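Numbering (mature numbering (1 follows the signal peptide of the UniProt record, and there is no 0)), first residue to last: -23 to -1, 1 to 447.
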């Protein structure tokens, strides 16, 4: 009987270990994880050993190039769609366009009705394809009036990172709508680096925590037998340090009576009052020449390499700070920084800013990837994040990937030719079913033989012994 019990235990373990296999989607799987503001050279600080090991062992690139402007929201939408900002229309986090003032609204993200993000593309590509977005910018909205992802969590900074990871993993194992694509957003190290600068000890501590989180995420994927999930780790942009002496007070230089503006720490969208266009432009141009701190362009003068000016949302005059400078809008953040980070801002304070020229090395983001679609120990040539949508489509086996501003060619040296995992799963499921049936038959036979033997012994024991009874 002990042997039978052992077989039962083994059968139970087989069933337990295959539970997650049957729950997960049969389609190719992809998880994209974004660490906001994670500069490509943060790996050189010797404080992220797990991620460095992953970069060495799997597919890696020295750096990516963001789209201009190098801000969080435009670049996350580029990553999700494969288009430059002037094409998808998300020029900034907040805009004053033909539709009025826009700030992280559905209207901000749905400017171009011909463009769909990857989570919608995946969900529309056939039956049993489901997507999930964990705090990804624009992930909770409908595009072309179509459905939102099956699983959505809007941005909530209070939710711990590990809780986010656990939730995303549960989506892959959901009994009703298991995702085969998910996007996970983490707001660090960008959040702290803005208020403390890139070299602050607290920022370095956050990099360590991100490394621990990355290890946690991959450990949990392994524990749940999600070995076939391709995982891409990336960031949207880098970060440059700005000192107090490099903050430019535009109001003192130009005034503010002849124009309206939407201003961030590194960009200004200038809308001159009627009849004041040339006067405003000339004032900004003179201030730029005087300080050497920023560039000023008419909309049509914006350099072609930025792919930024050809959009109806673009203001008639655009101003961008040179790397290492910031506009006076940074002052508005000081009370928050002092409260959030328990600091006192002085003339020696350092801040982190981005939005600058996307070719500057300090603004470069990172990328590395692991999974059945990728070769191990493979180094890619640097590429642009407009190329990522084509990569996502390839991994997910999307039947018709839309044409974008990017290309798949840059990734081909590190991509495997791999079969649709649903085929392997069917074979695996059949094999497991056969093993279970065999185990049941063996157990039934053993049980029958055991009972037969016990009955013979029982009858022999109960039979009367008449010898010598007379």
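Glycine included, every Cβ here is placed at the ideal spot set by N, Cα and C. From a predicted model like this one, the values you see are computed outputs, not experimental measurements.
Quick check: the Cα distance between residue i and residue j, rounded to an integer number of angstroms?
i: residue 256; j: residue 234; result: 11 Å
i: residue 51; j: residue 282; result: 16 Å
i: residue 167; j: residue 331; result: 10 Å
i: residue 6; j: residue 158; result: 6 Å
i: residue 44; j: residue 54; result: 10 Å
i: residue 218; j: residue 249; result: 31 Å
i: residue 333; j: residue 153; result: 44 Å
i: residue 394; j: residue 358; result: 20 Å
i: residue 351; j: residue 376; result: 20 Å
For residue i, count neighbouring Cβ atoms within 10 angstroms of its own Cβ and tell me buried if that reaches 16, exposed if not.
i: residue 63; result: buried
i: residue 309; result: exposed
i: residue 199; result: exposed
i: residue 140; result: exposed
i: residue 378; result: buried
i: residue 124; result: exposed
i: residue 4; result: buried
i: residue 380; result: exposed
Residue i and residue j: beta carbons closer than 9 Å?
i: residue 130; j: residue 8; result: no
i: residue 307; j: residue 228; result: no
i: residue 317; j: residue 215; result: no
i: residue 460; j: residue 74; result: What the structure shows of the chain is the stretch from -23 to 447, and residue 460 is not part of that stretch, so it cannot be assessed.
i: residue 240; j: residue 190; result: no
i: residue 362; j: residue 349; result: no
i: residue 138; j: residue 113; result: no
i: residue 231; j: residue 261; result: yes
i: residue 148; j: residue 177; result: no
i: residue 132; j: residue 164; result: yes
i: residue 13; j: residue 40; result: no
i: residue 364; j: residue 387; result: yes
i: residue 212; j: residue 16; result: yes
i: residue 246; j: residue 72; result: yes
i: residue 68; j: residue 291; result: yes
i: residue 150; j: residue 203; result: yes
Name, in chain order, the residues that DSSP records as bridge partners for residue i.
i: residue 463; result: Here the chain has residues from -23 to 447 only, and residue 463 is not among them.
i: residue 272; result: 297
i: residue 239; result: 246
i: residue 218; result: 329
i: residue 302; result: Answer by DSSP bridge pairing: none, since residue 302 is not bridged.
i: residue 43; result: Note: residue 43 sits in no beta bridge, so no partner.
i: residue 108; result: 158
i: residue 224; result: 303
i: residue 73; result: 78
i: residue 351; result: 392
With H, G and I counted as helix, E and B as strand and the rest as coil, what does DSSP make of residue i?
i: residue 98; result: helix
i: residue 378; result: coil
i: residue 372; result: helix
i: residue 116; result: coil
i: residue 168; result: helix
i: residue 28; result: helix
i: residue 283; result: helix
i: residue 455; result: Given a span of -23 to 447 for the chain in the structure shown, any question on residue 455 remains unanswerable.
i: residue 356; result: strand
i: residue 129; result: strand
i: residue 361; result: strand
i: residue 38; result: strand
Output yes if chain D places a C-beta closer than 9 Å to the C-beta of residue i; else output no.
i: residue 114; result: No chain D appears in the structure shown, which is made up of a single protein chain.
Compute every distance between the C-beta of residue i and the non-hydrogen atoms of the ligand COA, then say whether any falls below 8 Å.
i: residue 100; result: In the structure shown, the ligand COA is absent, as is every other ligand, since no ligand is present at all.
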